[in-house]
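Student:
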Amino acid sequence: MDNSLQTLLADPRIFRPRRDDGAGAGHVATGFPALDARLPGGGWPRGSLSEILSAQWGVGELRLLLPALRDLAGRGGRILWLSPPWIPYAPALAAAGLAPACNIVTWPDNVEDRVWAAEQGLRSGSCAAVLTWGCGQGRHHFRRLQLAAGAGGIPAYLFRESGAARSPSPATLRLLLAPRNEGLEVEILKSPGGRGGRVLLGP
Amino acid sequence: MKNHELPLFPPAAATPRRPRPRKRLPGPRSGSRPRRRILWLCLRLPDLPFEAVAGTWRDAHEPCLVVTGEGAATRVIGCNQAALTAGVRPRMRLSDALARVHAPILQRRNPDRERASLENVAQMAEGFSSLVSLAPPAAVLLEIGGSLSLFGGIAALRRRLETQVAAAGHLPVMAIAPTPLAAEWLARAGDSRPVTDTTLLAGRLGELSPDCLAPDPGTARTLAGIGVRRLADVMRLPRDGLGRRFGAAFVRSLDRALGRVPDPRPGWRGALSFEESLELPAETGDRERIMAGLEPLLESAVSFLRRHDSTTDELRLYCRHHGGEETPIRLGLAGNYRHPDHLARLFRVRLERVALTRAVRALRLVSGPLRAYRGRSVALFREADSGEEVEALFESLHARLGPDAVHTLATCADHRPERAWRLAGSDVTEPEGGRADRPCWLLETPRMLEEGGGIPGDMTLLAGPERIETGWWEGADVARDYYRARSRAGRELWIFRDRRAGVWYLHGLFA
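What follows is the structure in structure tokens.
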């Protein structure tokens, strides 16, 4: 019954005022118009991997993600944080509009468990986004995550050291972050449309 | 029989407003067919203390005694046929009994076992009636009026119930009456002739000895003293005098027995749990084969839970090996889960983490205590998440990563930054106290930056200080000046200077 209902609702003749997105294109606006303009589809891709690379953490990676996370969690999904480098600080998240109770945080001991937990989150149907640090070392890990993200239809973010930029990756989108005095510089290393370039997000 | 209209409750003394229950429960003579006759069967186990602890010795050749009490006051409360033949009687002193039998088997009375036996009988009774009530210490009441046509009459129902109870090692006494208390009294008197009509009740109860009321010793003495030999003698006494002498409760119990006031009984439901085992076709250590064997067990566990409209907090799987040893695998369930596929997935995850050193021959699945199923309505349009899916995710993560490894976040009302947040369980909903001037990343313990007094050399201060000085009343006091600073690498940091030691610490990052 669920399926037939979904089919029915997918009919373009049916008007749904609170439709998630245009034609099921599967993108989530980043909240930064300058960046959205550069990204194919105008935002973070759903159902695939997005890599965020940086030499070190704490440069502004959460500022980059929080607007999108707020939108995603606002529709009732959970955000799964896997092995974040530090504690996501509840008062700051709440101030940014992301309810702390929406976040599920866990620090699995090893890579296998991290990949497994990410898969669970991506496939569960209850998560709106999955954020992973130090998750995935070999190609088979990325492949598994890519498949799970595709099945779940939600964005998956892989935070990796900038050294990984040299090795190939199945991620749909690869961004390299660098802090500047004027703000956060985001370099698009890889995107489906092939448009690279740098975007400076103001402070 | 006119006893019920004798002066026990003359209309003036009785509550005149109350209509006679006879009118509400028409007997066979009232012309119209009775719609629904209420009949109570009292199943009494007079020998329960013996049966509970020494049931297997009943037919033994050795005398067996069940005793209660301490020291010289130890009395025999039950014994088997061999002891009876030797002259032992219940309520006899143990010393007297030992003079009659040589070296009997002695068992101490065990009220817990008696209760368990009684509940076991009540469970059997549930097969005969939808309303079963316990009448401790040794009786079970069941309403059989609604079951008579199903079982083919009183005699047939009694026979079947008696056979079942006897198979469990009990010798029951059964009595049937239109009110539960009358059935209890008749059973205590050992009168098993059924009373099916309220109009006959007063007459039949009148024949009983007042001992059947199980009166306290004082009442029993007074009753004997005023010449009461049978209940009919009591009924003949004036009601107000009876109430003055023996208390209102005494009169009221007569009213209840005669069906003049309602006597509601609490329904009994057994403490249920699921248990089922299954032999594997062949001994195996292969997880897939074990899972294949487990699936039907999960199906039947789930259908059991559905039937009882319940759910449970845990499932335990015991893998039995050659020789009878078992490897237990416990699965905690957070949610309301009643889908076998989901349970199978969780067990698969657990099985992968368990080292089965030996081949498995059989599986046994046991549920924890049941609790009521909290139904959830399903959204017509799938917009918000369903709580069940979140619970399912938590359960899977718990199953593999450990029950204490998965958290949600919550804020706390505390000025100390390290206490303004906490890790929470899966079901927290609290008002959030957000602060925009706090960093998104917090270090679990502040990291010392540099020895010495000045600002760390490679940082520039952007904002501050914010003084936080609190917590002295619980020994975890802080005296800090917090600043927002930028490092040379371009990161914005949240640092503080400990005002006592003058040392700088890093506490967070504005990411």
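Chains as they are written, first to last, in the working numbering: chain G, 839 to 1041; chain C, 406 to 916.
Built from N, CA and C at the ideal position, the CB exists for glycine as well.
Does the beta carbon of S445(C) come closer than 8 angstroms to any beta carbon on chain G?
Tutor: The sequence position of residue 445(C) within the second sequence is 40, counting from 1. Looking at the sequence itself, residue 445(C) is Trp, so the reference to Ser does not match. By this cut-off, W445(C) is not an interface position.
Student: Please list the partners that T944(G) has in chain C, where partner means a Cβ-to-Cβ separation under 8 angstroms.
Tutor: By one-based count along the first sequence, residue 944(G) stands at place 106. Neighbours of T944(G) on chain C, chain order: L802, L806, A810, V811 and H812.
Student: According to DSSP, what are the bridge partners of E548(C)?
Tutor: The residue you call residue 548(C) lines up with position 143 of the second sequence. Partner(s): W445(C).
Student: Quick check on the burial criterion: 16 or more other C-beta atoms within 10 angstroms. Buried or exposed for E999(G)?
Tutor: Residue 999(G) sits at position 161 when you count from the first residue of the first sequence. By the neighbour-count rule (16 or more Cβ atoms within 10 Å), E999(G) is not buried but exposed.
Student: Go to E1025(G), then tell me how far its beta strand (DSSP E) extends in each direction, as first and last residue.
Tutor: Taking the first residue of the first sequence as 1, we reach residue 1025(G) at position 187. Segment G1021 to K1028, the beta strand (DSSP E) holding E1025(G).
Student: Cβ atoms of P851(C) and L911(C): under 8 angstroms apart, would you say?
Tutor: As a working note, residue 911(C) is residue 506 in the second sequence. As a working note, residue 851(C) is residue 446 in the second sequence. Taking 8 angstroms as the Cβ cut-off, L911(C) and P851(C) qualify as a contacting pair.
Student: Going by beta-carbon coordinates alone, are R961(G) and A994(G) separated by less than 8 angstroms?
Tutor: Sequence index remark: in the first sequence, residue 961(G) carries index 123 (1-based). Sequence index remark: in the first sequence, residue 994(G) carries index 156 (1-based). No.
Student: Considering just the uninterrupted stretch of the beta strand (DSSP E) at A930(G), what are its terminal residues?
Tutor: Within the first sequence, the letter at position 92 stands for residue 930(G). Run containing A930(G): none in the beta strand (DSSP E); it sits in the alpha helix (DSSP H), A928 to A933.
Student: Looking at C-alpha atoms only, which residue of F915(C), A906(C), M853(C) and T875(C) is the closest neighbour of L867(C)?
Tutor: Taking the second sequence and counting its residues from 1, one reaches residue 867(C) at position 462. Here the closest residue by C-alpha is F915(C).
Student: Closer than 9 angstroms, Cβ to Cβ, to anything on chain G: give me those residues from the region 834-854 of chain C, in chain order.
Tutor: Those would be T834, E835, E837, G838, G839, R840, A841, D842, R843, P844, C845, W846, L847, L848 and E849, in chain order.
Student: So which of V578(C), H820(C), A829(C) and A818(C) has the shortest CA-CA distance to D809(C)?
Tutor: Taking the first residue of the second sequence as position 1, residue 809(C) is located at position 404. Closest by alpha carbon: A829(C).
Student: Which residue marks the beginning of the beta strand (DSSP E) containing W462(C), and which one marks its end?
Tutor: Here residue 462(C) refers to the residue found at position 57 when the second sequence is read from its first residue. Premise fails: W462(C) is in no beta strand (DSSP E) and is neither H nor E.
Student: Going by the CB atoms, is the gap between G838(C) and P929(G) shorter than 8 angstroms?
Tutor: Residue numbering aside, residue 929(G) sits at position 91 when the first sequence is read from its first letter. Residue numbering aside, residue 838(C) sits at position 433 when the second sequence is read from its first letter. In this structure, G838(C) lies closer than 8 angstroms to P929(G) by Cβ.
Student: Report buried or exposed for I1026(G), applying the criterion of at least 16 other Cβ atoms within 10 angstroms of its Cβ.
Tutor: The count along the first sequence starts at 1 and reaches residue 1026(G) at position 188. Buried, by the Cβ-count rule.
Student: Please return the same chain residues whose Cβ sits closer than 7 angstroms to the Cβ of V1112(G), not counting the five positions on each side in sequence.
Tutor: For residue 1112(G) there is no data in the structure shown, the boundaries of chain G being 839 and 1041.
Student: State the CB to CB distance for the pair A706(C) and L720(C), rounded to an integer number of angstroms; the pair is presumed to be in contact (CB under 8 angstroms).
Tutor: Here residue 706(C) is taken as the residue at index 301 of the second sequence, counted from 1. Here residue 720(C) is taken as the residue at index 315 of the second sequence, counted from 1. Yes, A706(C) and L720(C) are in contact; Cβ-Cβ is about 7 angstroms, under 8 angstroms.
Student: I'd like the span of the beta strand (DSSP E) that includes T865(C), first residue to last.
Tutor: As a first step, residue 865(C) is located in the second sequence; it is residue number 460 there, counting from the start. Its beta strand (DSSP E) spans residues M864 to T875.
Student: Any C-beta of chain C sitting closer than 8 angstroms to the C-beta of L1038(G)?
Tutor: In the first sequence, residue 1038(G) corresponds to position 200, counting from 1. No, its Cβ sits nowhere closer than 8 angstroms to a Cβ of chain C.
Student: Only counting the same chain, and skipping five residues up and downstream in sequence, which positions put a Cβ closer than 6 angstroms to that of L814(C)?
Tutor: Translated into positions along the second sequence, residue 814(C) becomes position 409. Closer than 6 angstroms at Cβ, skipping near neighbours: no residue.
Student: Using beta carbons (cut-off 8 angstroms, strictly below), is T816(C) in contact with chain G?
Tutor: Reading the second sequence from its first residue, position 411 is the one you call residue 816(C). So yes, T816(C) belongs to the interface.
Student: Counting only the same chain and skipping the five closest in sequence on each side, list residues whose C-beta sits under 8 angstroms from that of A1003(G).
Tutor: Reading the first sequence from its first residue, position 165 is the one you call residue 1003(G). L891, R1012, L1014 and L1027, listed in sequence order.
Student: D903(C) bridges to which residues according to DSSP?
Tutor: As a working note, residue 903(C) is residue 498 in the second sequence. R885(C) and V908(C).
Student: Between P968(C) and R449(C), which are expected to be in contact by the criterion C-beta below 8 angstroms, what is the C-beta distance as a whole number of angstroms?
Tutor: For chain C, the structure presents residues 406 to 916; residue 968(C) sits outside this window and is missing.
Student: Short of 8 angstroms in beta carbon distance, which residues of its chain neighbour S614(C), apart from the five on each side in sequence? Order them along the chain.
Tutor: Translated into the one-based positions of the second sequence, residue 614(C) becomes position 209. The residues are A594, R634, R635 and L636.
Student: Please classify L555(C) as buried or exposed, where buried requires at least 16 other C-beta atoms within 10 Å of its C-beta.
Tutor: Position 150 of the second sequence holds residue 555(C). Answer is exposed; the Cβ neighbour count stays below 16.
Student: Using the Cα positions of P412(C) and P643(C), report the straight-line distance between them to the nearest angstrom.
Tutor: If you number the second sequence from 1, residue 412(C) lands on position 7. If you number the second sequence from 1, residue 643(C) lands on position 238. Low per-residue confidence applies at P412(C): pLDDT is 45, beneath 50, and the placement is therefore not dependable, though the value from the model is reported in the following sentence. Each residue's alpha carbon lies about 7 angstroms from the other.
Student: Taking the C-alpha atoms as reference points, what is the distance between L659(C) and L628(C)?
Tutor: For the purposes of this step, residue 659(C) is identified with residue 254 of the second sequence, where counting begins at 1. For the purposes of this step, residue 628(C) is identified with residue 223 of the second sequence, where counting begins at 1. About 15 angstroms.
Student: Kindly say whether A933(G), judged by its beta-carbon, lies nearer than 8 angstroms to any beta-carbon of chain C.
Tutor: Position 95 of the first sequence holds residue 933(G). Judged by the 8 angstroms Cβ criterion, A933(G) is in contact with chain C.
Student: At a Cβ threshold of 8 angstroms, is V898(G) touching chain C?
Tutor: Numbered from 1 along the first sequence, position 60 holds the residue referred to as residue 898(G). One detail in the question is off: residue 898(G) reads as Gly in this sequence, not Val. Yes, because at least one Cβ of chain C sits closer than 8 angstroms to the Cβ of G898(G).
Student: Looking at the secondary structure, which residues open and close the alpha helix (DSSP H) in which E899(G) lies?
Tutor: For the purposes of this step, residue 899(G) is identified with residue 61 of the first sequence, where counting begins at 1. E899 to G912 is the span of the alpha helix (DSSP H), which, as asked, contains E899(G).
Student: At which residues does the beta strand (DSSP E) containing R657(C) begin and terminate?
Tutor: The count along the second sequence starts at 1 and reaches residue 657(C) at position 252. Not the beta strand (DSSP E): R657(C) falls in the alpha helix (DSSP H), residues A653 to A662.
Student: Taking all protein chains shown into account, do 16 or more other C-beta atoms lie within 10 angstroms of the C-beta of W846(C), making it buried, or fewer, making it exposed?
Tutor: In the second sequence, counting from the first residue as 1, residue 846(C) sits at position 441. By the neighbour-count rule (16 or more Cβ atoms within 10 Å), W846(C) is buried.
Student: Any beta carbon from chain C within less than 8 angstroms of D909(G)'s own beta carbon?
Tutor: Counting from 1 along the first sequence, the entry for residue 909(G) is found at position 71. Cβ-Cβ to chain C under 8 angstroms: no for D909(G).
Student: Count the C-beta pairs between the region 726-741 of chain C and the region 660-669 of chain C that are closer than 8 angstroms, then say yes if the count reaches three, no if not.
Tutor: Touching, no, given that fewer than three Cβ pairs across the two stretches are closer than 8 angstroms.
Student: Between the region 461-470 of chain C and the region 503-511 of chain C, do at least 3 Cβ pairs fall closer than 8 angstroms?
Tutor: Segments in contact, yes.
Student: Please determine, among E849(C), R821(C) and R498(C), the residue with the shortest C-alpha to C-alpha distance to I873(C).
Tutor: Here residue 873(C) corresponds to residue number 468 of the second sequence, with the count starting at 1. Here the closest residue by C-alpha is R821(C).
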